[in-house]
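Okay, structure first, notes after.
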Amino acid sequence: MDPEWGSCSLGVFICLGCSGIHRNLPNVGKVKSVTLSRWEDSEVKFMAENGNKTMKAKYEAVVPVYYYKPSHKDCQVLREQWIRAKYERKEFTEEFVETGGKLPYEQEMREGQLMKRGRDNGQFLSRRFVLFERDGTLKYYTKHDSKVPKAVIKVDTINATFQPEKIGNPNGLQITYRKDYCTRNIFLYHESSKEIVDWFNSVRAVQFHYMKVAFPGASDAELKPRLTRNFLKEGYMEKTGPR
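Following our numbering, the numbering of the sequence shown begins with 3 at its first residue and continues without gaps.
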């Protein structure tokens, strides 16, 4: 996208779609239009001394291979949390690592409550989800204190993609997986945009670690495309029955 805006706080040029997200960042939210705003000489100098390439080297120094880096075509929640992870929380800087920072996506076990749509009535109810790195599974329980999971899903069969319009929530996430030779779907959301994106990248992290073990000779570049994928097109078509 053409950089129609600039962040005077960070020294990077940004598109119109991301300018609103940058404007809401605490302490580093000053943005201006490249063509319509009046720029001070000090601001122009600051932009020239920094720039996108320099800031990318700083704020994207240690982005994990599995982390989904959105483009301008992705939904708002992915773009917002990518920007906040980079510039607000500074999760991918060398300083974050050196000071002992821990990424929320790299946990041996992730547990939490997500709103899940019911299969029959379409009503969303809170369900407990647990993601295990060791055995590569995602489990969910109908009750918080249940001992037996309603479903056990192997991460190597999972695809996860954000579908806000289909689910009717800006944080809507669709989980697709295989069971008994059939494709099944789970529709989820969480009120916190950070929480749902953390779950999304946690699934990708577990998938990546699983594949590193399953395919020890494969490079990171070969494994990355095998993680979650976005749908190019989805819908219904009429089909004739068998003759």
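Beta carbons: idealized from backbone N, C-alpha and C, even for Gly. All of these numbers come straight from a predicted model, not from anything done at the bench.
- Taking C-beta atoms under 8 Å as the contact rule, residue 129 and residue 144 qualify, at a distance of about 6 Å.
- Going by DSSP, residue 84 is part of no beta strand (DSSP E) but of the alpha helix (DSSP H) stretching over 78 to 85.
- Taking 7 Å as the cut-off, the Cβ atoms of residue 106 and residue 43 do not count as close.
- The three-state secondary structure of residue 161, taken from DSSP, is strand.
- Residue 215 and residue 84 have their C-alpha atoms spaced approximately 28 Å apart.
- Contact annotation, residue 36 with residue 7: C-beta distance approximately 6 Å; criterion of less than 8 Å satisfied.
- Residue 170 carries a coil assignment under DSSP once its states are collapsed to helix, strand and coil.
- Contact check for residue 230 against residue 162 passes: the beta carbons are separated by less than 7 Å.
- Taking a C-beta distance under 7 Å as the contact criterion, residue 213 and residue 225 qualify as a contact pair.
- Distance between residue 28 and residue 232, taken at the CA atoms: about 31 Å.
- Bounds of the beta strand (DSSP E) holding residue 184 are 184 to 191.
- The way I'd put it, the stretch 39 to 56 doesn't touch the stretch 180 to 197; fewer than three beta-carbon pairs between them come closer than 8 Å.
- Excluding the 5 residues flanking it on each side, residue 172 has same chain C-beta neighbours closer than 7 Å at 78, 79, 166, in chain order.
- Around the beta carbon of residue 74, a 10 Å sphere encloses fewer than 16 other beta carbons of the protein chains shown; the residue is thus reported as exposed.
- By the criterion of a C-beta distance shorter than 7 Å, residue 151 is surrounded in its chain by 141, 142, 143, once the five residues flanking it on both sides are discounted.
- Secondary structure of residue 212 (DSSP, three-state): helix.
- Restricted to the stretch 109 to 166, the beta strand (DSSP E) segments that are unbroken, complete and at least 3 residues in length are 111 to 119, 126 to 134, 139 to 143, 153 to 156, 161 to 164, listed in chain order.
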